[in-house]
Structures are given as C-alpha cells and as structure tokens.
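J.: Before I ask anything, let me first share the structure, which is written out below as structure tokens.
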Amino acid sequence: MNQPTIHGGQVYQLAKQLGRPVETLLDFSASMNPLGPSTSIVRAMHDAVNGCQHYPDRHSEELRAQLAQEHTILEESILVGNGSAELIHIIPKALALRQACIVGPTFSEFEHALRIAGVQCTSVNAVSTQRYAPPIEKIHDVLAEWKLVSASDDRKPGIHRHAVFLCNPNSPTGRRLSPRDLRRIIKRVNQIGCWLIVDEAFIDWCPSYSLIKDFSICPRLIILRSFTKFFAIPGIRLGYLVGEPVVVGSIQSHLPPWSVNHVAQAAGVAALKDWRFKQRSLRYMQQARAVFLAQLRMLPGVRVMPSQANFVMVELPPGVDSGGIWGQLQEQGLLVRDCQTFSGVMEPALRLAVRLRRDNHRLVQALKRTLKNVQG
Ligand SMILES: Cc1ncc(COP(=O)(O)O)c(C=O)c1O
C-alpha cells in the first residue's frame, strides 16, 4: 500500500482538529501569493458560473490560445489539467516510464505518482551542508550511468523509459538551478534520449528562468506549470504542461474528459491578462521576502536558506524537534510546513510562506518565543 502523501495547506482538517474556524488560521504551510486572488480573477469566476449549465470546453481552447500567445509557442504544445498534480499523475503512465531519478528533497507527488505507476525510483538529494543548492554533480552521475546503459545496444530502447524529475525553483528548499546548469543537463538528456520533467510551479516568481522559451531544443523535455501558487487559486485546480506536440497529444489521451472545469478555464484566461497584478506581486515579493529573511536571520541559531520563490526554508538549531515547533505554532493558529516530512531532509527545518508583512512579523515573534521555550 502506498502511504498518503503529506502536504501543506490542510486548513479544513486542521481547523476541525483545533476546534477553530478556518478564517482564524494563518497558513504559512502552503505557499500562495499573499496578494491574491486578484479582483479580475474573482470577477471572471463569478461571471463564468452561469456557463456551468454546459459541459466545459474539453480542450480549454481559449485558455490554450492565451497561453500560446503568452509564451509564443504552438497551442498544440500545451495541455491543460485539473491542477499540475493531475498531469504529474498521468505522466508516468503516458510515457510508460520504468525508471526515474527524483532530484530531492522535493514535492512528494512525483514519487507517489511514479510508485503507483510501478516505476522504479531513485533520488539524488541536495544537502544542508551546501545550503540545499541543487545537487548538479549527482544528477550528472546518474545521467552518466544511464549513458552507459544507452550505449549497450540491447538495452537502448529501455533508456527512453527513464526520466529525471526536478522542480525549479525547488520546494521546500527555495533554490533554483542556474541557466548554465540547466543547459548542461539538457545537453546530456538529448545525448542519452531519456526524459526530463521540470516542474515550474514556482517559476512565476523568477519568470525569466523558465525553460518554456527553449523547450524546442529538447524533444524529451516536459515542463509543468501551475496557476495555483502565483494566482492564489489552489481551490480551483488549474495547471498545464508544455512539450512536443506529439508527446502532448499522447499524454492528453490519458486524461479523463472535461477534467478542467469552466470556472477554472475562465480564471486562467483572466489571470494571464492581468499583467498589473503580476508586476505588483513580483515587486511586493522582492521587498517582503527580503524583510522576512532579515527578521528570520535575527533568530538565534536559525539558518535561513536563500530563496527564489515565495517561501523560505529555515533550519532550526541542532537538536530542536521541528515537529514539536510545528505543533506549538499550530496551537497558536500558525500553520507552517515541517520539512522533515520531506524525504531527504535530515536536519530540523521549516518551510515558511512569505505572507503579508504584519503576518510575517507575527510568525517571527511566535517562532522566537517558541524556540526560546523549548531551548529553556
Ligand atoms: C512543486 C509543486 N508542484 C506542483 C504542485 C501541485 O500544484 P497544483 O495545485 O497545480 O496541482 C505543488 C503543490 O503544492 C508543488 O508544491
């Protein structure tokens, strides 16, 4: 039996458990844009409700046209899903994968989806001593091993069923690969003929680093994107992937019909048009994150990782039980993510979303008190 995966943002369950209304919880455990959802998205969703008497457009035509324009790519290269999680779950089956390397510690649904599809998984992990910088050399070691396999004639077709899964910027570490490192990986992937799946759920916070503009240089590259985080609509479920049209077509054949509802499609179209919201959000995040990081760095014994996303990973002083801190903050209505629930995180650490300034300040004060209490 597969264990259920652990995620942040479980507000309904926790509100029930804590005996308090959802509105009284401050959720730092799921990383949403604190400025969203924007009024234009909310308005578009309201307006779309009347259209719910019909089945939604099965192919999300309007949204795909808008995405194609946004990224200057063909509509046929885009597949929209009921959240990127749905797409993550169909990829292993659609590509008939046999073996995968997950670059961790990272989003647990990669491993979950791969395991239920019967794919053999290994992982290479970023480590605390290198401030969770992406483990580039370990990725290359795996690719070098796969290259040897691909060089032996009899097993060559097998390598087309191997895939590397990585998230950029990564969660929970907040770290991003450099364009140079990504180019090196893509070059190797092209030589070998394996798949490269890059999850860009948080790339809207550093959009110039997206691989979408060069996806055509690697026919076996699939890029996953999500509307959830940047547009703050986790309850709507909207994501998409970008890849070669033939590959996209074959993945699409594994999707159930009408998986993306009408309201979600309308929200996506409105989101892409609202460039003012995008600019305001990026400006806000740059400033608020810098202040939050500076406040966190003042906490004794706390190590703050650099972040290119809308959250930050903080390592707690050695010996502190991160699960205990997580529980005590929760009692105060402050939900954070215990990073030790991610496979590959060995040190006590928390992932904290960057929220509105007053909320960030409240969390820093609560964390300071809680750490002081447990350390005596
Ligand atoms: C890295 C990463 N990728 C994908 C997802 C899934 O996003 P979606 O809401 O689009 O299914 C999440 C959700 O937490 C995530 O953290």
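Every number in this note's numbering is 1 more than the matching position in the sequence shown, counting from 1. Backbone N, C-alpha and C define an ideal beta-carbon position, used for all residues, glycine too.
1) DSSP state of Gly324, grouped into three classes?
2) Taking the beta strand (DSSP E) that Leu167 belongs to, which residues open and close that run?
3) Please state the DSSP three-state secondary structure of Gln376.
4) Please say whether Leu242 and Leu88 have beta carbons closer to each other than 7 Å?
5) Could you check what DSSP says for Glu87 in three-state terms: helix, strand or coil?
6) Look at the Cβ atom of Val337, then the Cβ atom of Trp327, and state whether they are nearer than 7 Å.
7) Taking the C-alpha atoms as reference points, what is the distance between Ala16 and Gln331?
8) Give the straight-line distance between the Cα atoms of Val81 and Gly119, rounded to the nearest whole angstrom.
9) Any heavy atom of ligand 1 closer than 6 Å to the CB of Thr229?
10) Count the other CB atoms within 10 Å of the CB of Arg65; is the residue buried (16 or more) or exposed (fewer)?
11) Going by other Cβ atoms of all chains shown within 10 Å of its Cβ, with 16 needed for buried, is Glu112 buried or exposed?
12) According to the Cβ coordinates, are Phe232 and Pro38 closer than 7 Å?
13) Just verifying my parser: in three-state terms, what is the DSSP assignment at Arg338?
14) Looking at the structure shown, is Ser124 part of a helix, part of a strand, or coil, going by DSSP?
15) I'd like to confirm something about Gly236: is its beta-carbon nearer than 6 Å to some heavy atom of ligand 1, or not?
16) Would you say the beta carbon of Asp28 comes nearer than 6 Å to a heavy atom of ligand 1?
17) Can you tell me which residues form a DSSP beta bridge with Ala350?
18) Just grab the DSSP bridge partners of Tyr241 for me.
19) Quick check on Leu36: does DSSP put it in helix, strand or coil?
20) Per DSSP, which residues does Ile103 bridge with? Please list them.
21) From Ala127 to Gln121, what does the alpha carbon distance come to, in whole angstroms?
22) For the putative contact between Asp28 and Phe108, defined by C-beta atoms under 8 Å, what is the C-beta separation to the nearest angstrom?
23) Please report the Cβ distance between Gln296 and His362, rounded to the nearest whole angstrom; I am assuming they are in contact, meaning their Cβ atoms lie under 8 Å.
24) Going by beta-carbon coordinates alone, are Ile198 and Ile223 separated by less than 7 Å?
25) Leaving out the 5 sequence neighbours to the left and right, which residues in its chain are closer than 6 Å to Gly324 when beta-carbon positions are compared?
26) Under a Cβ-count criterion, where at least 16 other Cβ atoms within 10 Å of its own Cβ denotes burial, should Arg370 be classed as buried or exposed?
T.: Reading from the atomic positions:
1) Assigned with DSSP and collapsed to three states, Gly324 falls in helix.
2) His163 to Cys168
3) helix
4) yes
5) Residue state, collapsed to three classes: helix.
6) yes
7) 10 Å
8) 25 Å
9) yes
10) buried
11) buried
12) yes
13) strand
14) strand
15) no
16) Residue side-chain check: Asp28 keeps its Cβ at 6 Å or more from all non-hydrogen atoms of ligand 1.
17) Glu316
18) Val81 and Arg226
19) coil
20) Ser124 and Phe166
21) 20 Å
22) Not really, about 17 Å apart at Cβ, beyond 8 Å.
23) At roughly 7 Å, the Cβ-Cβ gap stays under 8 Å, so Gln296 and His362 are in contact.
24) yes
25) Asp339
26) exposed
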